[in-house]
Amino acid sequence: MQIAGDEQLHLGLKEMIRNVPDYPKAGVVFKDITPLLKDPHAFEQVVEAIAAHYREQQIDYVVGIESRGFIFGAAVALALRAGFIPVRKPGKLPHETHRCEYALEYGTDALEIHRDAVETGKRVLIVDDVLATGGTAAAAVELVQCTGGHVAGLAFLIELGFLDGRAKIPGIDVVSLLTY
Ligand code: AMP
């Protein structure tokens with residue numbers, strides 16, 4: 035679902051997303067969130083809208099996906115009084131990890147999580163800035179499930195609906211604030 039509510043809020047937030055054509059490669063329109071981040075009111079509204087959707091769902095941990103997922107994920111974790119867990123690019127986490135390889139909208143990559151990050155059965159919310167093809171999100175879901183955690187949902191600021199990323203994460207609650 036898309037978080038319902040104040041249309042003015044959504045329009046205002048959309049105005050703060052800068053479209054950068056042909057970055058990082060030709061044909062990709064990059065959604066630059068930095069104008070939104072530097073507006074504290076807008077940043078707070080994004081964090082609060084996501085937190086509000088999950089507040090009654092007893093989230094134990096918020097997983098943020100490197101690197102822009104850290105920005106929103108850490109703030110949502112604090113708003114939900116949940117712990118924060120980073121999912122990182124290969125070689126960045128110092129302890130033993132699970133690894134998952136996946137396809138990006140532009141290229142391929144892999145993600146890792148600490149093997150002991152999530153205790154069995156704990157409820158996890160995964161947060162990132164953009165849902166595009168869904169490969170990154172699906173990899174994050176797989177990693178959390180490898181640890182024994184339960185993925186209670188995924189939340190994104192932006193969803194590129196025309197790429198149908200949700201198809202890669204069936205059966206899990208997905209929310210996004212802004213759809214293109
Ligand atoms: P995907 O795996 O295709 O869903 O891609 C999602 C990841 O790539 C997220 O971590 C985004 O930060 C990044 N990403 C993909 N497409 C875009 C885009 N058009 N603008 C900004 N970030 C993007």
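Numbering (this note's numbering), first residue to last: 35 to 214. Glycine residues also receive a C-beta, built at the ideal position from the N, C-alpha and C atoms. The structure displayed is predicted, hence computed values, not measured ones.
Query raised in the report: CA-CA distance, T181 and G199?
Result: Here residue 181 corresponds to residue number 147 of the sequence shown, with the count starting at 1. Here residue 199 corresponds to residue number 165 of the sequence shown, with the count starting at 1. Answer to the nearest angstrom: the Cα atoms are 23 Å apart.
Query raised in the report: Thinking C-alpha only, which one of A151, G155, H129, P124 is nearest T142?
Result: Counting from 1 along the sequence shown, the entry for residue 142 is found at position 108. The shortest Cα separation from T142 among A151, G155, H129, P124 belongs to P124.
**Report entry** Beta-carbon proximity list for Q179, same chain, < 7 Å, skipping 5 on both sides
**Finding:** In the sequence shown, counting from the first residue as 1, residue 179 sits at position 145. V185, listed in sequence order.
Query - the region 185–195 in contact with the region 72–90 per 3-pair CB rule at 8 Å - result: yes
**Report entry** K59 burial status per 10 Å Cβ neighbour count (16 or more: buried)
**Finding:** Locating residue 59 in the sequence shown gives position 25, counting from the first residue. Answer is exposed; the Cβ neighbour count stays below 16.
**Report entry** Whether D56 touches R102 by CB criterion (8 Å)
**Finding:** Translated into positions along the sequence shown, residue 56 becomes position 22. Translated into positions along the sequence shown, residue 102 becomes position 68. It is not a contact, given that the beta carbons lie outside the stated cut-off.
Query raised in the report: Taking the alpha-carbon positions, what's the H148 to G117 distance?
Result: Within the sequence shown, numbered from 1, the residue matching residue 148 stands at position 114. Within the sequence shown, numbered from 1, the residue matching residue 117 stands at position 83. In a straight line, the C-alpha of H148 is about 14 Å away from that of G117.
Query raised in the report: With 16 other CB atoms within 10 Å as the buried threshold, where does A151 fall?
Result: As a working mapping, residue 151 is identified with position 117 in the sequence shown. Buried.
Query raised in the report: How about V161: is its Cβ closer than 7 Å to a heavy atom in the ligand AMP?
Result: Translated into positions along the sequence shown, residue 161 becomes position 127. Checking every heavy atom of the ligand AMP against the Cβ of V161, none is found closer than 7 Å.
Query raised in the report: DSSP three-state call for Y214: helix, strand or coil?
Result: Here residue 214 is taken as the residue at index 180 of the sequence shown, counted from 1. Coil at Y214, not helix or strand.
**Report entry** Buried or exposed by the 16-neighbour rule on C-beta atoms within 10 Å, applied to I165
**Finding:** Position 131 of the sequence shown, counted from the first residue, corresponds to residue 165. Here residue 165 turns out to be Leu, not Ile, going by the sequence shown. When all chains shown are included, L165 counts as buried.
Query - Candidates H129, K126, L127, E100: closest to I160 by CA position - result: Within the sequence shown, numbered from 1, the residue matching residue 160 stands at position 126. The shortest C-alpha separation from I160 is found at E100.
Query raised in the report: In the DSSP assignment, what residue or residues form a beta bridge with A189?
Result: In the sequence shown, counting from the first residue as 1, residue 189 sits at position 155. Its beta-bridge partners are V161, V209.
Query raised in the report: Smallest Cα separation from E176: which of H129, T213, V121, E193?
Result: The residue labelled residue 176 in the question sits at position 142 within the sequence shown. Among H129, T213, V121, E193, the Cα nearest to that of E176 is on V121.
Requested in this report: Just mark A109 as buried or exposed, buried being the case when its beta carbon has 16 or more other beta carbons within 10 Å.
Outcome: Counted from its first residue, the sequence shown places residue 109 at position 75. Buried is the call here.
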